[in-house]
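Before any comments, here is the structure.
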Amino acid sequence: MKHRFVFFLGCGSLVGCAGILGIDDLPEQSSSGYTVSVVSGAGQSGQVGKALDAPVVVEVRDATGAIAAGRKVTFTASDGGGYFTDSVTPATDAQGRASIHWVLGPSALNELRATAEGATATVTATATDPWQLAIGIGLPVGRMFRDGVGDAARFGDALGITFGGDGKLYIGDGLAHTVRRLDPVSREVTTIAGAAGDSGITQGIGPAARFMVPYGVAREGNGALLVASTNAHVIQRVDLATAMVSVIAGGNGSGAGNGTGGAAQFNLPYAVDCDDARQVAYVADHANHVIREINLVNGAVKTLAGIAGTQGYADGALTEATFKFPTGITHNGNTLYVSDSANARIRQIDLDAGRVSTLSGAAGIEPAGGFVDGDKATARFHSIVGLTYFNRAVYVADRRVHAIRKVSVDDGSVTTIVGSPPSAGAKFGAVDAANGLEARLFQPHGVTVSADGTALYVTEAGGTDVRRVLLKDNYEVTTVAAKAVVPTNGDARKEAILDWPRGLALASDKLLVAETLGADIRQVDLKTNVVTRLAGADDERNDPTDGAAARFGYPTAIAIDETKGFAYLAGGDQLVRQIALATGETKTLAGEAWSRGMVNGPGKSARFNDVQGIAIDTAGQKLYLADTLNHRIRMLDLASADYRVSTVAGGDFASYKDGSNLQAYFHTPRALAFHDNALYVSDSGNHVLRRITLDENGYGEVITFAGNRGEPKHVDGALLDARFLTPANLVFQGDLLYVVDIDGNALRRIHIPSGTVSTLLGGPAGAPAGPGPLTMPKKPAYLAVRPSGEVLFSTYQENVVFRLGPS
């Protein structure tokens with residue numbers, strides 16, 4: 049075994065340390081007797097991103113000590129240890145030697161390994177200017193995932209809330225895909241089930257279990273919870289004594305089918321409520337526009353009220369009444385109360401009489417858009433979500449007007465008890481106050497009442513915190529857990545607060561940030577460090593509109609054509625938009641708001657299903673789209689008068705196949721990058737990168753460019769020897785293709801001329817240390833790369849933009 053000693057002289061850490069001495073005293077001998085030794089190129093130093101002056105040359109000999117010509121040598125670099133500009137698998141020449149040119153990575157100590165016939169030699173080099181990993185933009189507050197006490201805790205997206213039989217609060221953390229517990233006395237927040245950032249419908253105990261956007265939670269008896277795992281279309285049970293999570297209904301994909309247990313189907317179940325006396329649970333089946341009932345004894349599911357697939361507004365018998373996107377549900381005895389969100393009304397269901405009626409909300413408000421207190425005939429709601437019953441009243445979270453409304457079940461009259469009073473207009477914020485009307489909320493979502501009836505507890509999906517409202521006198525409001533924050537502009541490192549930044553794009557010294565839940569586009573001047581809003585409104589509404597005062601629905605993917613002065617944007621609203629860089633003026637090019645589908649044709653007729661990646665060709669004539677959940681690559685013709693959309697590649701289902709155009713298949717393609725008349729695709733579900741060599745019409749042959757579909761893991765090396773774990777965002781900078789590897793928890797890069805894959809930062813083993821004061825954050829999302837090689841990247845678990853670059 050070769051021994052290597054590294055001495056650190058006069059410094060307490062590796063980063064920024066001078067005086068590093070590496071001694072390689074013996075070559076390593078393999079079991080077959082082969083040896084690999086370093087001939088030259090060891091002990092060099094240089095700048096990050098620069099090639100070392102001399103190549104590293106190694107020599108291979110066999111067991112007799114004779115020169116071993118024609119032997120394959122594999123060169124690899126340690127994570128953060130740079131990349132190579134030659135083939136990483138050369139064969140030894142007639143002298144038994146192989147060489148490689150090495151560009152230093154961001155770590156202070158770079159390591160190279162040369163392996164042949166089971167023997168290895170190691171060479172180290174030092175960076176004279178090691179880079180730092182630091183927070184580049186935003187304050188580390190708001191939408192993050194962290195257990196803790198009081199203000200130290202963080203939620204990703206605090207949604208449904210309920211009291212358990214143990215007197216603790218339980219919260220569905222949608223973006224974290226976890227169920228959290230809050231002790232209202234000690235204010236301690238802990239995660240009881242699920243793993244932050246990992247979604248699924250896995251049954252298991254505690255952190256081994258998986259949820260998929262746990263939107264609604266409800267107490268079941270004294271020892272369990274029911275959870276509406278919305279995006280998985282299932283209802284799950286959590287045993288509070290053991291933290292065992294199981295599926296009790298759904299799991300057969302989205303749909304409206306009745307049945308028992310896993311044979312039943314839901315379509316985005318938003319809320320759930322338990323009636324222990326009747327031994328049933330009620331579900332607001334959002335996208336089916338119905339209320340479902342689950343028999344908790346045998347698991348049988350039936351449609352209780354509404355007509356599956358029919359959205360509308362009609363009172364009457366259970367089977368004749370209609371709803372439109374119900375979001376919340378609660379009960380008192382034989383009466384159910386429902387937030388009928390798109391009808392902007394509170395509906396009630398008399399279980400004994402078998403009839404649906406309207407408790408409150410004026411007719412004719414469709415879609416939601418009002419905010420008026422008063423009697424049931426004149427009251428207006430805007431965007432009602434969670435609700436709870438207590439003492440002859442229903443308390444409702446009116447999310448986008450940032451208020452809590454109280455509805456009398458006796459006469460349907462409505463009073464605002466927390467938030468901006470109607471006469472003053474709806475404002476949002478993070479302000480506690482002795483008087484509820486002077487307090488400010490930020491997108492309240494879930495509501496529940498304490499067992500003793502003294503307080504209402506409210507989750508805020510925007511402020512990502514939990515507030516308490518005393519149910520007496522003036523409705524005093526205090527913050528119980530997490531620090532309530534509101535997105536703000538200002539200095540990038542001292543004042544700016546982002547709200548789930550995702551897509552990033554560079555235009556000279558300006559960085560555009562697509563704020564997915566902030567529903568706007570922020571602009572960062574990288575010279576002055578000032579953050580401003582380029583487009584979007586400050587009320588955090590996600591109602592898609594165009595113009596100078598545009599609104600966005602969950603903006604995600606963004607790309608820039610600096611020559612023509614436009615940014616292009618796609619997101620959860622299923623639209624493709626164009627934004628003028630000079631003015632923020634926004635125009636919809638293709639799609640219909642909130643309408644998913646797979647339709648080609650003129651832009652306004654086209655339909656998409658969650659576009660997560662955008663790339664523009666060199667001429668700025670064609671916009672390529674990674675239509676993720678349609679498993680296709682689409683093209684929008686910017687030169688056509690009607691912005692016509694077509695399919696470049698991909699078929700009717702998620703699969704894997706190389707070939708021409710529609711003969712090729714993808715599985716969850718997430719990102720695109722255009723380079724040298726070819727389109728590079730991160731085929732996330734297949735864990736590979738694909739390349740489409742484009743013809744003059746923008747179509748072409750699909751090949752697998754890097755990775756192997758059958759081996760999802762983290763391996764560097766030659767293109768087809770390398771392995772990825774859910775590759776996503778792609779960015780070219782010169783000859784380097786930068787790759788976000790989500791589940792590999794790494795930033796990778798590919799040197800195109802030599803065809804080699806290396807790791808810039810991170811790795812699959814948890815959260816390995818990165819250069820600088822931070823560890824590599826989990827779940828990288830999107831990135832942008834400056835000409836200097838400096839990298840800015842967002843993640844799925846932190847509410848900031850990170851920077852890897854010179855200190």
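Per the working numbering, the very first residue in the sequence shown carries number 49; after that it's consecutive.
Glycine included, every Cβ here is placed at the ideal spot set by N, Cα and C.
Tell me which residues share the same chain as residue i and place their Cβ nearer than 7 Å to its Cβ, disregarding the 5 neighbours each side in the sequence.
| i | result |
| --- | --- |
| residue 213 | 267, 269, 270 and 271 |
| residue 706 | 712, 750, 751 and 752 |
| residue 726 | 739, 740, 741 and 742 |
| residue 363 | 369, 404, 405 and 406 |
Just checking my contact of residue i with residue j at CB under 8 Å: how many whole Å lie between their CB atoms?
| i | j | result |
| --- | --- | --- |
| residue 582 | residue 599 | So it is not a contact: roughly 13 Å between Cβ atoms. |
| residue 754 | residue 776 | Their Cβ separation, rounded to whole angstroms, is 14 Å, which puts residue 754 and residue 776 out of contact at 8 Å. |
| residue 318 | residue 278 | 6 Å |
| residue 709 | residue 747 | 5 Å |
| residue 352 | residue 366 | 6 Å |
| residue 218 | residue 226 | Actually they do not touch by this definition, with Cβ atoms about 11 Å apart. |
| residue 108 | residue 165 | 7 Å |
| residue 662 | residue 618 | 6 Å |
| residue 163 | residue 121 | 7 Å |
| residue 455 | residue 523 | About 15 Å; that fails the 8 Å criterion. |
| residue 112 | residue 167 | Not really, about 14 Å apart at Cβ, beyond 8 Å. |
From the DSSP output, in three-state form, read off residue i for me.
| i | result |
| --- | --- |
| residue 804 | strand |
| residue 317 | strand |
| residue 415 | Residue placement at residue 415 cannot be trusted, given a pLDDT of 45 that sits under 50; the coordinates are not used to answer. |
| residue 79 | coil |
| residue 255 | helix |
| residue 677 | helix |
| residue 732 | helix |
| residue 327 | coil |
| residue 838 | coil |
| residue 199 | helix |
| residue 334 | helix |
| residue 70 | Here residue 70 scores only 36 on pLDDT, less than 50, and its place in the model should not be relied on; the value that follows carries that caveat. In this structure, residue 70 counts as strand in the three-state DSSP scheme. |
| residue 178 | coil |
| residue 158 | strand |
| residue 273 | strand |
| residue 534 | coil |
| residue 793 | coil |
Which residues in the same chain have their Cβ closer than 6 Å to the Cβ of residue i, if we skip the five residues on either side of it in sequence?
| i | result |
| --- | --- |
| residue 565 | 547 and 548 |
| residue 356 | 304, 336 and 338 |
| residue 203 | 221, 512 and 530 |
| residue 723 | 780 |
| residue 532 | 478, 511 and 513 |
| residue 99 | 149 and 151 |
| residue 855 | 180 |
| residue 636 | 594, 623 and 625 |
| residue 265 | 208, 210, 218, 220, 273 and 275 |
| residue 836 | none |
Taking the alpha-carbon of residue i as reference, which of the options has the nearest alpha-carbon?
| i | options | result |
| --- | --- | --- |
| residue 595 | 580, 627, 639 and 499 | 627 |
| residue 541 | 286, 574 and 275 | 574 |
| residue 147 | 736, 156, 199 and 169 | 169 |
| residue 520 | 729, 165 and 501 | 501 |
| residue 320 | 406, 300 and 296 | 296 |
| residue 286 | 246, 328, 280 and 242 | 242 |
| residue 390 | 432, 349, 734 and 207 | 432 |
| residue 102 | 313, 86 and 112 | 86 |
| residue 853 | 844, 90 and 128 | 128 |
Would you say residue i lies against chain D (beta-carbon separation less than 8 Å)?
| i | result |
| --- | --- |
| residue 807 | Of the chains in the structure shown, none is chain D; there is only one protein chain. |
Here's the rule I'm using: 16 or more other beta-carbon atoms within 10 Å means buried, otherwise exposed. How should residue i be labelled?
| i | result |
| --- | --- |
| residue 821 | exposed |
| residue 159 | buried |
| residue 545 | buried |
| residue 701 | exposed |
| residue 171 | buried |
| residue 670 | buried |
| residue 280 | buried |
Tell me which same chain residues have a C-beta within less than 8 Å of the C-beta of residue i, skipping the five on either side of it?
| i | result |
| --- | --- |
| residue 205 | 191, 221, 222, 223, 224, 509, 512 and 565 |
| residue 783 | 799, 800 and 801 |
| residue 414 | With a pLDDT of 42 at residue 414, under the threshold of 50, the predicted position of this residue should be treated as unreliable, though the coordinate-derived value follows. These residues qualify, in order along the chain: 361, 372, 390, 391 and 392. |
| residue 610 | 555, 556 and 629 |
| residue 765 | 122, 124, 136, 137, 804 and 805 |
| residue 649 | 692 and 693 |
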